[in-house]
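S.K.:
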Amino acid sequence: MDKIRQYAKENYIPIIRDETAVYLVKVVKEKNPQNILEIGTAIGYSGLLMLENSKANLWTIEKDEKRCEMAKENFNRFNMQNRVKIFNDDASNVLEELVKEGTKFDMVFLDGPKGQYKRYYPLIKQLLQKQGVLFTDNVYLQGLVKQTGTIPHKHRSMVRNLKEFLVELQQDQDFETTIYDIDDGFSISYFKK
Ligand SMILES: C[S@@+](CC[C@H](N)C(=O)[O-])C[C@H]1O[C@@H](n2cnc3c(N)ncnc32)[C@H](O)[C@@H]1O
15 MDKIRQYAKE NYIPIIRDET AVYLVKVVKE KNPQNILEIG TAIGYSGLLM
65 LENSKANLWT IEKDEKRCEM AKENFNRFNM QNRVKIFNDD ASNVLEELVK
115 EGTKFDMVFL DGPKGQYKRY YPLIKQLLQK QGVLFTDNVY LQGLVKQTGT
165 IPHKHRSMVR NLKEFLVELQ QDQDFETTIY DIDDGFSISY FKK
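Each residue of the sequence shown is one higher than the one before, counting from 15 in my numbering.
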């Protein structure tokens, strides 16, 4: 795992931060999910963390082909290939397909494109099992979401979408959500329905 983390760092591949990872593992251990959906595989680091700390099967989505290949190699290295299904596709396509199929998950780890969380949210809600848990990373986006002044133009729509997503998530009576101001900000939402 140290080698994967080191590779990610050297190659500017964003992966879950250390303290966030502690919480992710804690949720996985508490929840003991049978199946987990991850949006944003990168090279498999967070996926491996979840697999190593549970008996769950993991379905994980990554649109970048090279990262997908590396993730596959890493899952193989840890002998996890039989517990993992990787989708090399845009997350919107996969989420829509899974909703159509009526697939359900006990846990969703949302760690894909930050500007799309708002769009994915209604789909994720349909994919979550009763009493399921949604763990969402980077909700403060390097502090930009909490910033009151002008947001640089290139981040503006992403920050607006993320803010709207957070409001929706917190106001949703179907979820019990806590936002943690740790690392890049993450939220843990328990689905009450
Ligand atoms: C923060 S990284 C995931 C890190 C990983 N969860 C970990 O902690 O080891 C986000 C990943 O989402 C992928 N991504 C971005 N847009 C996507 C999309 N529309 N559909 C699927 N994956 C996407 C990126 O290529 C990137 O590898």
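Every residue, glycine too, gets a C-beta built ideally from N, C-alpha and C.
Is the region 81 to 92 close to the region 111 to 123, with three or more CB pairs under 8 Å?
M.R.: As far as the Cβ criterion goes, the region 81 to 92 does not touch the region 111 to 123, which means the pair count is below three.
S.K.: Quick one: does the C-beta of E76 sit closer than 6 Å to a heavy atom of ligand 1?
M.R.: For the purposes of this step, residue 76 is identified with residue 62 of the sequence shown, where counting begins at 1. Correct: E76 has its Cβ closer than 6 Å to ligand 1.
S.K.: Taking all protein chains shown into account, decide if H34 is buried (16 or more other Cβ within 10 angstroms of its Cβ) or exposed.
M.R.: The residue given as residue 34 occupies position 20 in the sequence shown. Rather than His, the amino acid found at residue 34 in this sequence is Thr. Under this definition T34 is a buried residue.
S.K.: Closer than 7 Å by C-beta to K270: which residues in its own chain qualify, once you throw out the five before and the five after it? Chain order, please.
M.R.: No information on residue 270 is available, as it lies outside the stretch 15 to 207 that the chain covers here.
S.K.: Hey, how far is the Cα of Y204 from the Cα of P166?
M.R.: Here residue 204 refers to the residue found at position 190 of the sequence shown. Here residue 166 refers to the residue found at position 152 of the sequence shown. One C-alpha to the other measures close to 33 Å.
S.K.: Is G199 a contact residue of ligand 1, with contact defined as CB to any heavy atom under 6 Å?
M.R.: By one-based count along the sequence shown, residue 199 stands at place 185. G199 Cβ: outside cutoff for every heavy atom of ligand 1.
S.K.: From this set, L137, Y131, A56, which residue's C-alpha is nearest P115's C-alpha?
M.R.: Numbered from 1 along the sequence shown, position 101 holds the residue referred to as residue 115. Here the sequence assigns Glu to residue 115, which means Pro is not the residue at that position. Among L137, Y131, A56, the Cα nearest to that of E115 is on L137.
S.K.: Would the beta-carbon of N175 fall within 7 Å of that of K139?
M.R.: Here the question's residue 175 lines up with position 161 in the sequence shown. Here the question's residue 139 lines up with position 125 in the sequence shown. Contact: no.
S.K.: Can you find a heavy atom of ligand 1 that lies under 6 Å from the Cβ of A70?
M.R.: Here residue 70 refers to the residue found at position 56 of the sequence shown. Flag unset: Cβ of A70 not near ligand 1.
S.K.: At a cut of 8 Å, does the region 19 to 33 reach the region 59 to 78 through at least three beta carbon pairs?
M.R.: As far as the Cβ criterion goes, the region 19 to 33 touches the region 59 to 78, which means the pair count is three or higher.
S.K.: For K207 versus D186, is the C-beta distance shorter than 7 Å?
M.R.: Residue numbering aside, residue 207 sits at position 193 when the sequence shown is read from its first letter. Residue numbering aside, residue 186 sits at position 172 when the sequence shown is read from its first letter. Against a cut-off of 7 Å, the Cβ pair of D186 and K207 comes out as no contact.
S.K.: Reducing DSSP to helix, strand and coil, say where G146 ends up.
M.R.: As a first step, residue 146 must be located in the sequence shown, where it is residue number 132. Three-state result, G146: strand.
S.K.: How big is the Cα-Cα spacing for D103 and D151?
M.R.: Reading the sequence shown from its first residue, position 89 is the one you call residue 103. Reading the sequence shown from its first residue, position 137 is the one you call residue 151. Cα to Cα, the separation comes out at about 20 Å.
S.K.: Quick one: what's got a C-beta closer than 8 Å to Y154's C-beta in the same chain, skipping five residues either side?
M.R.: Along the sequence shown, read from residue 1 onward, the residue named residue 154 stands at position 140. Answer for Y154: K160, D195, D198, G199, listed in chain order.
S.K.: How long is the line joining the alpha carbons of K77 and G54, rounded to whole angstroms?
M.R.: Working through the sequence shown from its first residue, we reach residue 77 at position 63. Working through the sequence shown from its first residue, we reach residue 54 at position 40. Going from the Cα of K77 to the Cα of G54 covers about 8 Å.
S.K.: What are the boundary residues of the beta strand (DSSP E) that K99 is part of?
M.R.: The residue labelled residue 99 in the question sits at position 85 within the sequence shown. Element bounds for K99: 98 to 101.
S.K.: Buried or exposed for Q130, going by 16 or more other Cβ atoms inside 10 Å?
M.R.: In the sequence shown, residue 130 corresponds to position 116, counting from 1. Buried is the call here.
S.K.: Are the beta-carbon atoms belonging to N49 and N71 less than 7 Å from one another?
M.R.: Position 35 of the sequence shown, counted from the first residue, corresponds to residue 49. Position 57 of the sequence shown, counted from the first residue, corresponds to residue 71. Yes, the pair counts as a contact, with Cβ atoms nearer than the cut-off.
S.K.: Among the residues of its own chain, which have a CB less than 7 Å from the CB of V39, if the five just before and after it don't count?
M.R.: As a working note, residue 39 is residue 25 in the sequence shown. Answer for V39: L63, N67, listed in chain order.
S.K.: Do V181 and L158 have their C-beta atoms closer together than 7 Å?
M.R.: The residue you call residue 181 lines up with position 167 of the sequence shown. The residue you call residue 158 lines up with position 144 of the sequence shown. Their beta carbons are not under 7 Å apart, which means V181 does not touch L158 by this criterion.
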